[in-house]
Amino acid sequence: MRHAQIKELVVLSGKGGTGKTSVTASFAMLAKKAVVADCDVDAADLHLVLSPEVQERHCFFSGNEAEIRFNDCTGCGKCHTLCRFDAIYRTENNRFQVDPVACEGCGVCVRFCPAKAINFPERHSGHWMISQARSGPMVHAQLEPAAENSGKLVTTVRERAWELAVDRRIPLIVSDGPPGIGCPVIASLSGVSLALIVTEPTVSGLHDLQRVLALTRHFSVPTIVCVNKWDINPQQTERIEAVSRAAGAQVAGRIRYDRGVTQAQLQQITAVELGCAAAADIRKVWQQITRLL
Amino acid sequence: MGVQAKRQAPRIAVASGKGGTGKTTIALNLAAMFGEPVQLADCDVEEPNLNLFLQYEQLDSQPVIMLVPEIRADHCTGCGACSEICRFNGLVSLGASKPLLFPELCHGCGGCALVCPSEAISERPLQIGTINSGHSNEIRLIEGRLDVGVSLVPPVIRAVTDQLFSDIPAILDAPPGTSCPAVATLREADYVVLVADPTPFSLHDLKLAVAMVRELGLPCGVIINRAGEDLIGLSRYCQDEGLPVLMSLPDDRQIAEVVSKGQLVAACLPEYGLLFKQLGDRVRTELQKHGGRP
Amino acid sequence: MNLIAFSTAGTELNDELDPRFGRARGFLLYDLTLQQIRLLENEQSRNAAQGAGIHAAEAIVKAGVDTLVTGHCGPKAFRVLNAAGVQVYNCPVITLQEALQALQSGTLEAATAADVEGHW
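Here it is in structure tokens:
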């Protein structure tokens, strides 16, 4: 299967908690043949409803971290003076230690320590897995708490998903994107065929949508928008849809507020499998997507 | 970690593993009903939303600046030492001529300037975001806003907390998740309020958040939002983990509608206003327990 | 035109072009004069959390490459390559042999700018 024949859909939200992951999970089940990529690596939830059986598990390393060797530290404090990230502190016995949470991995202290007392190993930042889920092949990951989220793990997940798609001749990748507009989102966007933004009919939902739209426009990614729980505020829903269209994004449909979605989560299945009210709305959005892809 | 200067007034972070649990709503209404002058810091700099809910008078807007390298061509010998020390591909040396700079990748570590043997590198300011501050009744709002397209988040968060006065209590609205933006916020706090709702996704992410808070050595409590039938054992988890449940906000559609319109729950629904006032008292009690001053 | 780099996951001219540059699996360097192949791996660039394209560009410049054939090249990478005088050609995903032929017959157009937005 050639690279160019594979399509990738990424589902974003800007604001967290709009229902992006629940909707993506349903899409994964509706797609006839798709590789699922969970790019929401900081607090990944997709696996809770797709029940993947892990087949491969890999350590993920990103950047480096400074470690001062206690016995070799002379207490000169040069590292403390040079560190711009407040990551080096003085201990009771007047030696120095690195706070791994604050350490940015810049290597300045390592380079300038007169006693060469600082190690600089690669930082173990999480894991990524290849699994077989109810929807088919799935690539997912988990960042360690306090790890830096540069987008590199997202890139790793996507690359593996692409490899699987090519190897197993699967023409579609459905990707659960990260919230926000930072590096991880940017890493999930490059080269995708279509971005769906799932938002909610609130002032925050509109505000955050606009920031994500600016991002997808900047990266020239075709974008569609869908308001979830639309009936909480129909007026705001209409406002959001108008803003989306004005920004050049199509409106992909609306999904109603439905406690059935949580019910499905509790049963560890997707909304479309439960067949709750919102499932019909999700199917309609999916139909739009297949037409566009 | 390490030695932190004791502040006069406490800082309370409102965080969660999962986005959309109601952090902003909680932070906002807690501040509104705090009963004394309070600072409200929007550390969710990728998507700052607090300002949408407050009628406030904007007092000040300042750029967030990061120092990035600038090369003096007449001093540069093309040795490439700057490019070599940079871990972030912020400088590229191609030999004889002066290096190419990529300030958008720079982390501001200053290594290149330190290592240059010819004093060819100085530093210039680069804007990566904005800090807006304003007043709404007794709330002093400080909002951090990351410029769209900028990759580095923690410096903007640090710029927000740098603006806080040390003698007035502060509530920090943290970004979602447990990676470095959330951690950069929590490092500035004395106490963490974790917000969760009784869904499987939320409980799963709450556990990650608790791990993060414990790694930082901070005391914390939990708020259950959209509380209803607890079919996933959220309360039991809190009990087992010794996490005090500071407040339970019911799954009331009225609350959702008020929030969707950008209004204050405490103002529109007085019965909940009382709950938020009690939350403030509860938080003060918890702070006293853990050695902070209320 | 003397030393041409092709972004690829493969090891010979029958293999396909890798459409990415910065995070390509590696590069096949083809010496036109000697008609010889050398492989350049791209592990360090791929491992970079950011600026992979910059790092890859630096690597091929240091290897003495004067021509690059790849799928897409972002603005940061393009800036480095341009500064170093490396001519960039964008090419669809075909075999390296086909790409080489297209290059030599003048079918491939020389890029004057990055053809995609950058990303991390």
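Heads up: the protein sequence lines correspond to chains A, B and C, in order. Its first residue numbered 1, the first sequence is counted upward by one per residue in my numbering. Its first residue numbered 294, the second sequence is counted upward by one per residue in my numbering. Its first residue numbered 588, the third sequence is counted upward by one per residue in my numbering. Backbone N, C-alpha and C define an ideal beta-carbon position, used for all residues, glycine too. Just so we're clear, the structure is a prediction, and the values are computed from it rather than from any experiment.
Nearest chain A C-beta to arginine 610 of chain C closer than 8 Å, yes or no? Yes, its Cβ sits closer than 8 Å to a Cβ of chain A.
Excluding the five sequence neighbours on either side, which residues of its own chain have a C-beta within less than 6 Å of the C-beta of phenylalanine 327 of chain B, listed in chain order? Contacts found: Gly573.
Enumerate in chain order the residues of its own chain whose CB-to-CB distance from aspartate 498 of chain B is below 6 Å, with the five nearest sequence positions on each side excluded. Scanning its chain for C-beta atoms nearer than 6 Å, with the 5 sequence neighbours on each side dropped, one finds around aspartate 498 of chain B the residues Gly310, Lys311, in chain order.
Assuming contact is defined by CB atoms lying nearer than 8 Å, are aspartate 72 of chain A and alanine 87 of chain A in contact in what I supplied? Not in contact: aspartate 72 of chain A and alanine 87 of chain A (Cβ atoms no closer than 8 Å).
Near arginine 217 of chain A, what residues of its chain come up, given a Cβ to Cβ distance below 8 Å and the 5 sequence neighbours on each side ignored? Cβ neighbours of arginine 217 of chain A beyond the five flanking positions: Thr223, Ala247, Gly248.
Applying the 10 Å Cβ sphere with the 16-neighbour rule, what's the burial state of glycine 651 of chain C? The residue in question, glycine 651 of chain C, is exposed, as its Cβ has fewer than 16 Cβ neighbours within 10 Å.
What residues from chain B crowd round glutamine 236 of chain A, counting only those whose CB sits closer than 7 Å? Under the 7 Å cutoff, chain B gives Ser553.
Does lysine 15 of chain A have its Cβ less than 8 Å from a Cβ in chain C? For lysine 15 of chain A, not one C-beta of chain C is nearer than 8 Å to its own C-beta.
Beta carbon of leucine 131 of chain A, beta carbon of valine 225 of chain A: below 8 Å? The amino acid at residue 131 of chain A is misidentified as leucine; the sequence shows serine. Contact flag unset, no.
Can you list, in chain order, the stretches of the alpha helix (DSSP H) that have 4 or more residues and sit fully within the stretch 137-189 of chain A? Considered as a whole, the stretch 137-189 of chain A harbours 152-167, 183-189 as its complete alpha helix (DSSP H) runs of no fewer than 4 residues, in chain order.
According to DSSP, residues forming a beta bridge with tyrosine 565 of chain B: Paired residue(s): none; tyrosine 565 of chain B is not in a bridge.
If you follow the beta strand (DSSP E) that leucine 419 of chain B is part of, which residue opens it and which one closes it? Residues 414-429.
Rounded straight-line distance, which links the Cα of cysteine 379 of chain B to that of cysteine 372 of chain B: In a straight line, the C-alpha of cysteine 372 of chain B is about 14 Å away from that of cysteine 379 of chain B.
Can you tell me whether histidine 583 of chain B is buried or exposed? The criterion is at least 16 other CB atoms within 10 Å of its CB, across all chains shown. Per the 10 Å Cβ criterion, exposed.
List, in chain order, every chain A residue whose beta-carbon is nearer than 8 Å to that of proline 525 of chain B. Note on identity: in this sequence residue 525 of chain B is isoleucine, with proline being the wrong assignment. Near isoleucine 525 of chain B (Cβ distances below 8 Å), the residues of chain A are Leu266.
Return helix, strand or coil for cysteine 369 of chain B, following the three-state DSSP convention. Cysteine 369 of chain B: coil per DSSP, three-state reduction.
Min CB distance asparagine 382 of chain B to chain C below 8 Å: Taking Cβ atoms only, chain C reaches closer than 8 Å to asparagine 382 of chain B, which makes this a yes.
Using the beta-carbon of each residue, which ones in chain C are nearer than 9 Å to leucine 398 of chain B? Scanning chain C for C-beta atoms nearer than 9 Å to the C-beta of leucine 398 of chain B yields Gln637, Gly638, Ile641, Lys663, Trp707, reported in chain order.
Hey, how far is the Cα of glutamine 430 of chain B from the Cα of tyrosine 349 of chain B? Reading off the sequence, residue 430 of chain B comes out as asparagine, not glutamine. Between asparagine 430 of chain B and tyrosine 349 of chain B, the C-alpha separation is close to 8 Å.
Would you call the CB atoms of phenylalanine 608 of chain C and phenylalanine 593 of chain C closer than 8 Å? No. Outside cutoff.
Below-8 Å beta-carbon distance, valine 656 of chain C vs any chain A residue: No, valine 656 of chain C lies away from the interface with chain A (no Cβ there is under 8 Å from its Cβ).
Going along the chain, which residues of its own chain have a beta-carbon closer than 6 Å to the beta-carbon of valine 35 of chain A, five neighbours each way excluded? If we look at valine 35 of chain A and ignore the five residues flanking it on each side, its Cβ neighbours are Pro137, Ala161, Leu164, Ala165, Ile170, Ile173.
When you compare only the Cα positions, how much space is there between histidine 659 of chain C and glycine 177 of chain A? Looking at the backbone, the Cα of histidine 659 of chain C and that of glycine 177 of chain A are separated by about 23 Å.
Chain B beta carbons: is any one of them nearer than 8 Å to that of alanine 607 of chain C? Going by the sequence as given, residue 607 of chain C is arginine instead of alanine. Taking Cβ atoms only, chain B never reaches closer than 8 Å to arginine 607 of chain C, which makes this a no.
Answer yes or no: do leucine 683 of chain C and leucine 627 of chain C have a C-beta to C-beta separation smaller than 8 Å? The Cβ-Cβ distance between leucine 683 of chain C and leucine 627 of chain C does not fall below 8 Å.
May I ask you to report which of helix, strand or coil DSSP gives leucine 293 of chain A? Judged by DSSP in its simplified three-state form, leucine 293 of chain A adopts coil rather than helix or strand.
Would a C-beta distance cut-off of 8 Å place arginine 480 of chain B and leucine 457 of chain B closer than the cut-off? Not closer than 8 Å, so no.
Assuming contact is defined by CB atoms lying nearer than 8 Å, are isoleucine 305 of chain B and isoleucine 464 of chain B in contact in what I supplied? The answer is yes: Cβ separation under 8 Å.
Supposed contact pair leucine 407 of chain B and leucine 394 of chain B - C-beta distance, whole angstroms, cut 8 Å: Wrong, their Cβ atoms sit about 16 Å apart, outside the cutoff.
Does glycine 63 of chain A come within less than 8 Å of chain C when only Cβ atoms are used? Under the 8 Å criterion on CB atoms, glycine 63 of chain A is classed as interfacial with respect to chain C.
Do you know offhand how far leucine 472 of chain B's Cα is from alanine 502 of chain B's? Correcting the residue identity first, residue 472 of chain B is serine in this sequence and not leucine. For serine 472 of chain B and alanine 502 of chain B, the distance between alpha carbons rounds to 10 Å.
Secondary structure at isoleucine 269 of chain A, three-state DSSP: helix, strand or coil? The answer is coil: DSSP assigns isoleucine 269 of chain A none of H, G, I, E or B.
So is alanine 697 of chain C buried or exposed if we call it buried at 16+ other beta carbons inside 10 Å? Under the 10 Å beta carbon count, alanine 697 of chain C is surrounded by fewer than 16 other beta carbons and is classified as exposed.
Chain A beta carbons: is any one of them nearer than 8 Å to that of alanine 417 of chain B? What sits at residue 417 of chain B in the sequence shown is arginine, not alanine. It does not; no Cβ of chain A falls within 8 Å.
If you pair each beta-carbon of the stretch 22-33 of chain A with each one of the stretch 268-275 of chain A, do three or more pairs fall below 8 Å? Under the three-pair Cβ rule at 8 Å, the stretch 22-33 of chain A counts as touching the stretch 268-275 of chain A.
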